[in-house]
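Below is one structure, written out as C-alpha cells; comments come after it.
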Amino acid sequence: MKRALPWFQLKHQKGRPSALVPVPARWVWFLLGSVGATGCKSYKTELVWPDTGASATTAMAGEVDNDLDGHPAETDCDDNDPSMHPGADEVCDGKDNDCDGQIDEDFPTKNKACSVGVGECLRTGTNQCKSNGSGVQCSVSVGTPSAETCDGKDNDCDGLTDENWPTKGNACTSGKGLCRRAGTLICASNGAG
136 MKRALPWFQL KHQKGRPSAL VPVPARWVWF LLGSVGATGC KSYKTELVWP
186 DTGASATTAM AGEVDNDLDG HPAETDCDDN DPSMHPGADE VCDGKDNDCD
236 GQIDEDFPTK NKACSVGVGE CLRTGTNQCK SNGSGVQCSV SVGTPSAETC
286 DGKDNDCDGL TDENWPTKGN ACTSGKGLCR RAGTLICASN GAG
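Numbered according to this note's numbering, the sequence shown spans residues 136 to 328.
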C-alpha cells in the first residue's frame, strides 16, 4: 500500500474557516491531544488521508492509528504493526495478521510432523514457517548420502537397498557330500559384498 503524509484538518464550525495542513504523522496525535486538552470547541479535529488505495476503514477524529495502516487502535489487533489489521492477508509468521483471533490458520500443517529424504538420508522434524511467510517447510534438512555397501540399508539415498548386489537373497549351497547345506546369499560382514 502506498503511504502519504496524513493531513491535520480543522473543520469549519461556528463561522470559522476550515484549515487543511499537511503534517508529519508523529505530530498528528500531539495536535489532536492538544486540541482536546485545551477544550477548544470552535474547531473539530479530523485525520484525513490522501488517496492511498486503503480500505474505507480509516482512522477518524480522535482515533489513534500508530502504524498508519488505516485501521484505528480500537479495531487493530496490533496498532504498532502495519501488517496486522482486519482484512490483512494471513502470512505464516506467528502473528494474527487479519485480527480474527487465530494465528497462521491458513497453514494447517504448521507444527505437524514432517520428513525429508529417503534411506539413510531420511530426517524427521516439524513444519515451521518459511522465512518469507509464504508457507511452511520442514525444520530439518536431508542427510548426506554415502557409498552403497551391502548392509541392508539405502546408503546412497536413491530409494534402493543393496542394488549393487543383485544376487543377494538368491539360493546357494555350501559344502560337499553329507556336509552340503542349502541357504541364501547374504551380505558379508564387512559390507563389501
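By construction, the Cβ of each residue, glycine as well, lies at the ideal position given by its N, Cα and C atoms.
Practice problem: Would you check if the distance between the CB atom of Lys303 and the CB atom of Cys285 is smaller than 8 angstroms? | Solution: What you label residue 303 is simply residue 168 of the sequence shown in a count that begins at 1. What you label residue 285 is simply residue 150 of the sequence shown in a count that begins at 1. In this structure, Cys285 lies closer than 8 angstroms to Lys303 by Cβ.
Self-check item: contact_flag[the stretch 201-219, the stretch 229-242] where n(CB pairs < 8 angstroms) is 3 or more
Solution: yes
Practice problem: With DSSP collapsed to three states, give me the class of Gly254. | Solution: In the sequence shown, counting from the first residue as 1, residue 254 sits at position 119. Reduced to three states, the DSSP call for Gly254 is helix.
Quiz item: Based on the DSSP output, what are the partners of Gln272 in its beta bridges?
Solution: If you number the sequence shown from 1, residue 272 lands on position 137. DSSP, once it has assigned bridges, lists Gln263 as partnering Gln272.
Quiz item: In or out: Gly318 buried (at least 16 other Cβ within 10 Å) or exposed?
Solution: The residue you call residue 318 lines up with position 183 of the sequence shown. Looking at its Cβ environment, which holds fewer than 16 other Cβ atoms inside 10 Å, Gly318 is exposed.
Quiz prompt | Segment contact, 8 angstroms Cβ cut-off, at least three pairs: the stretch 237-255 with the stretch 264-278 | solution = yes
Self-check item: Residue range of the beta strand (DSSP E) that includes Gly318
Solution: Numbered from its first residue, the sequence shown carries residue 318 at position 183. Start and end: Arg316 to Thr319.
Quiz item: Is the CB-CB distance between Gly287 and Asp297 below 8 angstroms?
Solution: To locate residue 287, count along the sequence shown from 1; it is residue 152. To locate residue 297, count along the sequence shown from 1; it is residue 162. Yes.
Quiz item: With 16 other CB atoms within 10 Å as the buried threshold, where does Leu203 fall?
Solution: On the sequence shown, position 68 is the one that residue 203 refers to. Buried, since its Cβ has 16 or more Cβ neighbours within 10 Å.
Exercise. Flag this pair as yes or no: are the beta carbons of Cys307 and Val271 separated by less than 8 angstroms?
Key: In the sequence shown, residue 307 corresponds to position 172, counting from 1. In the sequence shown, residue 271 corresponds to position 136, counting from 1. Against a cut-off of 8 angstroms, the Cβ pair of Val271 and Cys307 comes out as no contact.
Quiz item: In or out: Glu209 buried (at least 16 other Cβ within 10 Å) or exposed?
Solution: The sequence position of residue 209 within the sequence shown is 74, counting from 1. Glu209 should be labelled exposed.
Quiz prompt | Environment of Ala323 [buried if 16+ CB atoms lie within 10 Å] | solution = Translated into the one-based positions of the sequence shown, residue 323 becomes position 188. Result: exposed.
Self-check item: Distance, Cys273 Cα to Gly205 Cα
Solution: Taking the first residue of the sequence shown as position 1, residue 205 is located at position 70. Taking the first residue of the sequence shown as position 1, residue 273 is located at position 138. The alpha-carbon atoms of Gly205 and Cys273 are separated by roughly 36 angstroms.
Quiz item: Relative to the alpha-carbon of Gly326, which residue among Asp224, Ala223, Cys264 and Asp289 has its alpha-carbon at the smallest distance?
Solution: Walking along the sequence shown from the start, residue 326 turns up at place 191. The shortest Cα separation from Gly326 among Asp224, Ala223, Cys264 and Asp289 belongs to Asp289.
Practice problem: Pick out whichever of Cys314, Cys256, Val199 and Ser266 has its Cα sitting closest to the Cα of Gly294. | Solution: As a working mapping, residue 294 is identified with position 159 in the sequence shown. Gly294 has its Cα closest to that of Cys256, out of Cys314, Cys256, Val199 and Ser266.
Self-check item: Pairwise C-alpha distance: Thr259 and Ala223
Solution: Within the sequence shown, numbered from 1, the residue matching residue 223 stands at position 88. Within the sequence shown, numbered from 1, the residue matching residue 259 stands at position 124. Distance between the alpha carbons of Ala223 and Thr259: 33 angstroms.
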